[in-house]
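Using this note's numbering, read the sequence shown as starting at 189 and increasing by one per residue. Note that beta-carbon positions come from the ideal geometry of N, C-alpha and C, so glycine has one too. These numbers come from a predicted model, not from an experiment.
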Amino acid sequence: MSERDVSSFWDHLDVLRKVLLRCLIAWAIGATVTFCFKTLLFDLLFAPSRDDFVSYRFMAWLCAKTGWQSLCPGSFQASFINTELAAQFMTHIKVALGAGLVVVSPYLIVQLYGFVAPALYDNEKRHAAPIIIWGTLLFLLGVLINYLIIFPFAFRFLNNYQVYTEVHNQISLSSYISNLLMLSLLMGILFEIPIVNYLLAKAGLLQAETLKKYRRHAIVAIAIMAAIITPTGDAVTLTLVTLPIYLLYEASIFIVKRHSNIVQDTTPETS
Numbered sequence: 189m190s191e192r193d194v195s196s197f198w199d200h201l202d203v204l205r206k207v208l209l210r211c212l213i214a215w216a217i218g219a220t221v222t223f224c225f226k227t228l229l230f231d232l233l234f235a236p237s238r239d240d241f242v243s244y245r246f247m248a249w250l251c252a253k254t255g256w257q258s259l260c261p262g263s264f265q266a267s268f269i270n271t272e273l274a275a276q277f278m279t280h281i282k283v284a285l286g287a288g289l290v291v292v293s294p295y296l297i298v299q300l301y302g303f304v305a306p307a308l309y310d311n312e313k314r315h316a317a318p319i320i321i322w323g324t325l326l327f328l329l330g331v332l333i334n335y336l337i338i339f340p341f342a343f344r345f346l347n348n349y350q351v352y353t354e355v356h357n358q359i360s361l362s363s364y365i366s367n368l369l370m371l372s373l374l375m376g377i378l379f380e381i382p383i384v385n386y387l388l389a390k391a392g393l394l395q396a397e398t399l400k401k402y403r404r405h406a407i408v409a410i411a412i413m414a415a416i417i418t419p420t421g422d423a424v425t426l427t428l429v430t431l432p433i434y435l436l437y438e439a440s441i442f443i444v445k446r447h448s449n450i451v452q453d454t455t456p457e458t459s
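See the structure below:
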């Protein structure tokens, strides 16, 4: 390696250090701000544990309009406990760090993209921006669906489930927060399916015909996964979970097919 290459390497490393430092400072500021809004933050997190949550009110309204008693969520009461001395404070810090990361994520994405962009070709830059934007929006959509549909109804079911009438559920603070954050992360990642399939198609590893061929298998797999995620057994809830994931699969077929058509149109003909 020449002296010029070594110098260039250390220059890039110094730029990366500055980018990471700015990202950490922004994250710290975001976490500090969200930490100060404790009441608002935990009101949002614990909203699915209350009877007046928007999803429960919507199901009650739907029940009143259609007359389907199976849609009525009914009333329930959740009881929370904390058994560790510092658990509430540490939970506050953990949640503030996560919320702060979400708040400053647009700035972090811009910073990281600004570091990577100079190494990309012009055509790669044109594709990178839409992928980043759509990837972020799909992740947030997955988190929102988990918050509004999956976690609330799964929580209601598990909170009311008893193996014996004398055993009463008292949910620990750490269990509630950990399950909410874990499911939100999983659903956010799951909603990246179209982006992953697009990248696989771009690399020549996936064809639209393959996705069409295994569509029935995918429907069965999605239904099983939805039944595991939402143990309520309610047909409406299962449909609300299954439908978005299935639509993602169909969107993947459309995206992969469209990409294949674009590649074919731009491929020069050989005589």
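For the stretch 259-269 and the stretch 336-352, state whether three or more C-beta atom pairs, one from each stretch, are separated by less than 8 Å. Cβ pair count under 8 Å is three or more, so yes.
Please say whether Leu229 and Ala287 have beta carbons closer to each other than 8 Å? With contacts defined by Cβ atoms closer than 8 Å, Ala287 and Leu229 form a contacting pair.
Contact set for Phe442: own chain, Cβ-Cβ below 7 Å, skip 5 residues either direction: The beta carbon of Phe442 sits closer than 7 Å to none of the beta carbons in its chain outside the five residues before and after it.
Unbroken alpha helix (DSSP H) run spanning Gln350, endpoints: From DSSP, Gln350 is part of no alpha helix (DSSP H); its letter is neither H nor E.
Report buried or exposed for Phe339, applying the criterion of at least 16 other Cβ atoms within 10 angstroms of its Cβ. Buried, since its Cβ has 16 or more Cβ neighbours within 10 Å.
Return the first residue and the last residue of the alpha helix (DSSP H) that Asp231 is part of. Counting along the chain, the alpha helix (DSSP H) containing Asp231 begins and ends at Lys226 to Phe234.
8 Å Cβ cutoff met for Ser362 and Thr227: Not a contact, by the Cβ cut-off of 8 Å.
Answer with buried or exposed for Leu201, where buried requires no fewer than 16 other C-beta atoms within 10 angstroms of its C-beta. Leu201 should be labelled exposed.
Neighbour-count burial assignment, Thr458, 16 or more Cβ in a 10 Å radius: Because the pLDDT of Thr458 is 49, which lies under 50, any placement of that residue in the model is unreliable, and the number read from its coordinates should be weighed accordingly. Thr458 is classed as exposed because its beta carbon has fewer than 16 other beta carbons within 10 Å across all chains shown.
In three-state DSSP terms, what is Ser360? Of the three classes helix, strand and coil, the one that applies to Ser360 here is strand, per DSSP.
Could you give the distance in angstroms between the alpha-carbon of Leu393 and the alpha-carbon of His356? Distance from the CA of Leu393 to the CA of His356, rounded to the nearest whole angstrom, comes to 51 Å.
Ser459 by DSSP, collapsed to three states: which one? Summary for Ser459: the model assigns pLDDT 42, below 50, so the residue's position carries little reliability; its value from the coordinates is reported in the next sentence. In this structure, Ser459 counts as coil in the three-state DSSP scheme.
For Phe268, name the three-state secondary structure that DSSP assigns. In the structure shown, Phe268 sits in a strand (DSSP, three-state: E or B).
In chain order, what residues of the same chain lie with their CB nearer than 6 Å to the CB of Ala284, ignoring the 5 residues before and after it? Correct list, in chain order: Ala219, Thr222 and Phe223.
Of all the alpha helix (DSSP H) runs that stay within the bounds of the stretch 248-313, which reach a length of 4 or more residues? You should have 275-304.
Comparing alpha-carbon positions, which option in Leu368, Arg314 and Phe225 lies nearest Ile337? Ranking the options by Cα distance to Ile337, first place goes to Leu368.
List the endpoints of the continuous alpha helix (DSSP H) containing Ile381. Segment Ile381 to Lys390, the alpha helix (DSSP H) holding Ile381.
Should Ala396 be labelled buried (16 or more other beta-carbon atoms within 10 Å of its own) or exposed? By the neighbour-count rule (16 or more Cβ atoms within 10 Å), Ala396 is buried.
Kindly indicate which three-state DSSP category Phe241 falls into: helix, strand or coil? Of the three classes helix, strand and coil, the one that applies to Phe241 here is coil, per DSSP.
For Ser293 and Cys211, I'd like the C-alpha separation in whole angstroms. Going by the C-alpha atoms only, they are around 9 Å apart.
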